[in-house]
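A.B. asks: Numbering of the sequence shown is given in the working numbering, commencing with residue 16 and proceeding in unit increments. Glycine residues also receive a C-beta, built at the ideal position from the N, C-alpha and C atoms. Have a look at the structure that comes next, please.
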Amino acid sequence: MDIKRYEFNPIITCRDAEPSNKNFEVIGVFNPGAAEYEGETVLAVRVAERFKDSGDGHIKIPVVDGESGLLKALDIDKGDMTYDFSDSRVIRKRESSHDFAYLTSMSHIRLARSKDGVNFKIEDRPFIFPKNKYESFGVEDPRITKIEDSYYITCSAVSQYGIVTALSVTTDFRSYKRLGNIFGTENKDVVIFPEKINGRYFALNRPVSKSTGDPVIWISESEDLIHWGNHQVLAGTRKNFWDSKKIGAGIPPIKTGSGWLELYHGVDDQEHYSMGALLLDSSCPSKIIARSEKPILKPQENYETEGFFSNVVFPCGAVEKQNQLYIYYGISDNSIGLATAKVEDILNTLV
Ligand code: MAN
């Protein structure tokens, strides 16, 4: 299938973003949600920052105090072998009875705007900055769904309590309102369908079971976008496929003549993240009509195979322009790529 990467990818990198305070450096701008607003393409991007290295052999972990909302630094000695530093994204306490972990960076959500969907100007200030006790390690991986005149933004909120999904709403991409946590721990990769189906809203989500089973995509229903129920497994992992280890929803479902098209990410046994698709029944979205046998986009360009966490393509948003889907994807927890394809061409690959 002909998915076309933009020739000058990545379209946004950390060099394009100012740090949110003078003690920070930006280490990644990635995993963007996307929407069309007043003739512009707006991306809600995840900006990951960390304290600049002070050169004293210590790591300062950025944390927002859940009570005061103020930024703090937790100090960890890089030589302290009670911690495991092997994952660039997370520092874990070894042999801890409850798997205690810190993130090496803290993320917030910032907006970037473009007239042509290709050249973006990223704002200097954060849009959604971590504020409460569920967000003290950061807010991540926004997805935007337009319902009537409102744009609903889901984010993973990360803290010592685990990962929950927070919902916010904006009508102007200048201010926003927090609507609370709509899925409890441990749940992320939440995408809301853009309209009611048979009188109810639907969302895909990805709970993680600590006891049994792989992380897979679930589907849930709601009457008001806040209270979700009737949770069911939608799609599982598949042994010996590109999505063998875990899967999660990526882009909010796109309505097509053949059903709902969901572009999702799958992780294989080598921890490579690729993008594939599910086609869901138009009137009963818990029913899968077709699925990708092979990834539609997989890490293969140099800028995708090397990064902060290498070998990741992670789609979170898309817009339709001139009969093409503009797919915005996070690259290796570093930067943002653009790939374009026709919806019909994607549908034709599904079996
Ligand atoms: C995983 C990765 C990281 C992310 C954490 C917390 O480790 O997706 O990028 O920061 O989860 O959500």
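1. Specify, as a first and last residue, the run of the alpha helix (DSSP H) that Asn-317 falls within.
2. Quick check: what's the CA-CA separation for Ile-27 versus Pro-267?
3. Which class does Val-29 belong to by DSSP, given the choice of helix, strand or coil?
4. In the DSSP output, what is Thr-180 paired with across the bridge?
5. For the alpha helix (DSSP H) holding Glu-359, just list the boundary residues, first then last.
6. For Ser-103 versus Phe-323, is the C-beta distance shorter than 9 Å?
7. Run the proximity test for Ser-301: is its beta-carbon closer than 8 Å to any non-hydrogen atom belonging to the ligand MAN?
8. Can the beta-carbon of Ile-351 be found less than 9 Å from the beta-carbon of Pro-47?
9. What separation, rounded to the nearest whole angstrom, lies between the Cα atoms of Arg-65 and Ile-42?
10. Entirely within the region 208-292 and at least 4 residues each: give me those alpha helix (DSSP H) ranges in chain order.
11. Among Phe-115, Ser-259, Gly-199, which residue has its Cα nearest to the Cα of Thr-97?
12. Our contact map puts Ile-269 next to Ala-172 with C-beta atoms below 8 Å; I'd like the distance itself, whole angstroms only.
13. Thinking just about the alpha-carbon of each residue, which of Lys-19, Ile-303, Ala-49 is nearest to the one in Leu-249?
14. When burial is assigned at 16 or more other CB atoms within 10 Å of the CB, is Phe-39 buried or exposed?
15. Please state the DSSP three-state secondary structure of Lys-148.
16. Following a CB-centred definition, is Ile-178 positioned closer than 8 Å to any heavy atom of the ligand MAN?
17. Just grab the DSSP bridge partners of Tyr-98 for me.
18. Helix, strand or coil for Thr-119 per DSSP?
19. Identify the residues that DSSP records as bridge partners of Glu-40: which are they?
20. If you measure from the CB of Val-105, is any heavy atom of the ligand MAN nearer than 8 Å?
21. Can you determine whether any heavy atom of the ligand MAN sits closer than 8 Å to the C-beta of Asp-17, and answer yes or no?
22. From the DSSP output, in three-state form, read off Phe-329 for me.
23. Leaving out five residues on either side along the sequence, give the residues of the same chain with a beta carbon under 6 Å from the beta carbon of Ser-151.
24. Pick from His-73, Thr-227, Ile-137, His-242: whose alpha carbon is nearest that of Asp-92?
25. Below 8 Å on the Cβ atoms is my contact criterion, and I expect Val-231 with Ala-218 to pass it. Report the Cβ-Cβ distance as a whole number of Å.
26. Would you mind giving the Cβ-Cβ distance between Ala-59 and Pro-145, rounded to the nearest angstrom? I have them listed as a contact below 8 Å.
27. Of the residues Glu-359, Asp-348, Thr-320, which one's Cα is nearest the Cα of Gln-339?
28. To the nearest angstrom, how far is it from the Cα of Ser-190 to the Cα of Leu-293?
29. Is any non-hydrogen atom of the ligand MAN found closer than 8 Å to the C-beta of Phe-324, if you look at the structure I gave you?
30. Of the residues Tyr-344, Ser-120, Pro-314, Asp-68, which one's Cα is nearest the Cα of Leu-86?
31. Which residues in the same chain as Lys-309 place their Cβ atom closer than 7 Å to its Cβ, once the five residues preceding and following it in sequence are excluded?
C.D. replies: Inspection of the coordinates gives the following:
1. Position 302 of the sequence shown, counted from the first residue, corresponds to residue 317. Element bounds for Asn-317: 317-320.
2. Within the sequence shown, the letter at position 12 stands for residue 27. Within the sequence shown, the letter at position 252 stands for residue 267. Rounded to the nearest angstrom, the two C-alpha atoms are 21 Å apart.
3. To locate residue 29, count along the sequence shown from 1; it is residue 14. The identity of residue 29 in the sequence shown is Cys, whereas the question assumes Val. Residue state, collapsed to three classes: helix.
4. Stepping through the sequence shown from its first residue, residue 180 is reached at position 165. According to DSSP, residue pairing for Thr-180 in a beta bridge involves Ser-171, Phe-198.
5. Position 344 of the sequence shown, counted from the first residue, corresponds to residue 359. Element bounds for Glu-359: 358-364.
6. The sequence position of residue 103 within the sequence shown is 88, counting from 1. The sequence position of residue 323 within the sequence shown is 308, counting from 1. Less than 9 Å divides the Cβ of Ser-103 from the Cβ of Phe-323.
7. Looking up residue 301 in the sequence shown gives position 286. Answer for Ser-301: no, Cβ out of range of the ligand MAN.
8. For the purposes of this step, residue 351 is taken as residue 336 along the sequence shown, with counting starting at 1. For the purposes of this step, residue 47 is taken as residue 32 along the sequence shown, with counting starting at 1. Closer than 9 Å, so yes.
9. Translated into the one-based positions of the sequence shown, residue 65 becomes position 50. Translated into the one-based positions of the sequence shown, residue 42 becomes position 27. Counting only the Cα atoms, Ile-42 lies some 7 Å from Arg-65.
10. You should have found no qualifying run.
11. For the purposes of this step, residue 97 is taken as the residue at position 82 of the sequence shown. Residue nearest to Thr-97 within the set Phe-115, Ser-259, Gly-199 is Phe-115 (criterion: CA-CA distance).
12. Locating residue 269 in the sequence shown gives position 254, counting from the first residue. Locating residue 172 in the sequence shown gives position 157, counting from the first residue. With 8 Å as the limit, Ile-269 and Ala-172 do not qualify as a contact, their Cβ atoms being about 26 Å apart.
13. Numbered from 1 along the sequence shown, position 234 holds the residue referred to as residue 249. Out of Lys-19, Ile-303, Ala-49, Ile-303 has the C-alpha closest to the C-alpha of Leu-249.
14. The count along the sequence shown starts at 1 and reaches residue 39 at position 24. Around the C-beta of Phe-39, 16 or more other C-beta atoms lie within 10 Å, and the residue is accordingly described as buried.
15. Within the sequence shown, the letter at position 133 stands for residue 148. Coil, per DSSP.
16. As a working mapping, residue 178 is identified with position 163 in the sequence shown. Checking every heavy atom of the ligand MAN against the Cβ of Ile-178, one is found closer than 8 Å.
17. Within the sequence shown, residue 98 is the residue found at index 83, counting from 1. Secondary-structure assignment with DSSP links Tyr-98 through a beta bridge to Lys-108.
18. One-based indexing of the sequence shown puts residue 119 at position 104. In the structure shown, Thr-119 sits in coil (DSSP, three-state: anything other than H, G, I, E or B).
19. Within the sequence shown, numbered from 1, the residue matching residue 40 stands at position 25. Glu-40 has Arg-65 as its beta-bridge partners, per DSSP.
20. The sequence position of residue 105 within the sequence shown is 90, counting from 1. Result yes, Cβ under 8 Å from the ligand MAN.
21. Along the sequence shown, one-based indexing puts residue 17 at 2. It does not: the Cβ of Asp-17 is nowhere closer than 8 Å to a heavy atom of the ligand MAN.
22. Taking the sequence shown and counting its residues from 1, one reaches residue 329 at position 314. If DSSP states are grouped into helix, strand and coil, Phe-329 belongs with the strands.
23. Indexing the sequence shown from 1 puts residue 151 at position 136. Correct list, in chain order: Val-78, Val-79, Gly-81, Ser-174.
24. Counting from 1 along the sequence shown, the entry for residue 92 is found at position 77. Nearest C-alpha to Asp-92: His-73.
25. Along the sequence shown, one-based indexing puts residue 231 at 216. Along the sequence shown, one-based indexing puts residue 218 at 203. So it is not a contact: roughly 15 Å between Cβ atoms.
26. The residue labelled residue 59 in the question sits at position 44 within the sequence shown. The residue labelled residue 145 in the question sits at position 130 within the sequence shown. Not really, about 15 Å apart at Cβ, beyond 8 Å.
27. For the purposes of this step, residue 339 is taken as residue 324 along the sequence shown, with counting starting at 1. When each option's Cα is compared against that of Gln-339, the closest is Glu-359.
28. The count along the sequence shown starts at 1 and reaches residue 190 at position 175. The count along the sequence shown starts at 1 and reaches residue 293 at position 278. Computed Cα separation, rounded: 34 Å.
29. Looking up residue 324 in the sequence shown gives position 309. Under cutoff, so the answer is yes.
30. The residue you call residue 86 lines up with position 71 of the sequence shown. Nearest of Tyr-344, Ser-120, Pro-314, Asp-68 to Leu-86, Cα basis: Ser-120.
31. Your numbering for residue 309 matches position 294 in the sequence shown. Closer than 7 Å at Cβ, skipping near neighbours: Trp-257.
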